[in-house]
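Enquirer: Please read through the structure below; I'll follow up with questions.
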Amino acid sequence: MVVGGAIAALILVSIIALVFVNPSGAKAGDTVAVYYTGTLDDGTQFDSNIGRDPLVFVIGQGRVVPGMEEAVIGMTPGSTKTVTVPVEKAYGPYRDDLVHVMDRSLLPSDVDLVPGNYYQIRRSDGAVATVKILNVTESTVTLDENHELVGRDLTFTITLSEIAR
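Rendered as structure tokens:
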């Protein structure tokens, strides 16, 4: 009897250890909260939420670049990792089809459009898009809807703060 009770106690302790000491990592469908710093190949920091609120997203919903979602899978709360996300799993390659020439009269006349600057515009479908002005003439404006980090590998240092299931 004592041996059977001891074995049952060991099994119970093992189950408790697995559940509480070794929690499973983040997986698709989990809501996660992360702190991150993003840098370019040359070390230039392009974004960070350190010292601010965590970035909260559901793994698999596509709210962040695919490479960041994939990096978080398997992480446990409190763990940190650094990953380099290739172009294909970041903002993708540059797309010529996202460059448009518009009639200047379709944009507000009181806005000084400066080539190289970014602006937010409302598209015909009602969505807001961030665009870079490539060229301005008296009659036309050339807009680029590619993300400013398109065509670049990105490095993220990610700390998983929390998993909500």
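If you're matching positions, the sequence shown starts at 9 in the working numbering and goes up one per residue. Backbone N, C-alpha and C fix where the C-beta goes; we use that ideal spot for every residue, glycine too.
#1: Report the rounded CA-to-CA distance for V42 versus S147, giving the unit in angstroms.
#2: Could you give the DSSP three-state label for V29: helix, strand or coil?
#3: Would you tell me roughly how many angstroms separate the C-alpha atoms of V91 and E153, rounded to the nearest one?
#4: I'd like the list of long-range same chain contacts for V109, defined as Cβ closer than 6 Å, with 5 residues on each side in sequence excluded.
#5: Just the C-alpha distance for T145 and K97, rounded to the nearest angstrom, thanks.
#6: Who are the Cβ neighbours of G33 in its own chain at under 6 Å, not counting the five residues just before and after it?
#7: Please classify L114 as buried or exposed, where buried requires at least 16 other C-beta atoms within 10 Å of its C-beta.
Expert: Taking the geometry as given:
#1: 46 Å
#2: Caution is warranted here: a pLDDT of 44 is assigned to V29, below 50, making its placement in the model unreliable, and the coordinate value is therefore given only provisionally. DSSP places V29 in helix when its eight states are reduced to three.
#3: 27 Å
#4: T148, T150
#5: 36 Å
#6: G82, M83, T84
#7: exposed
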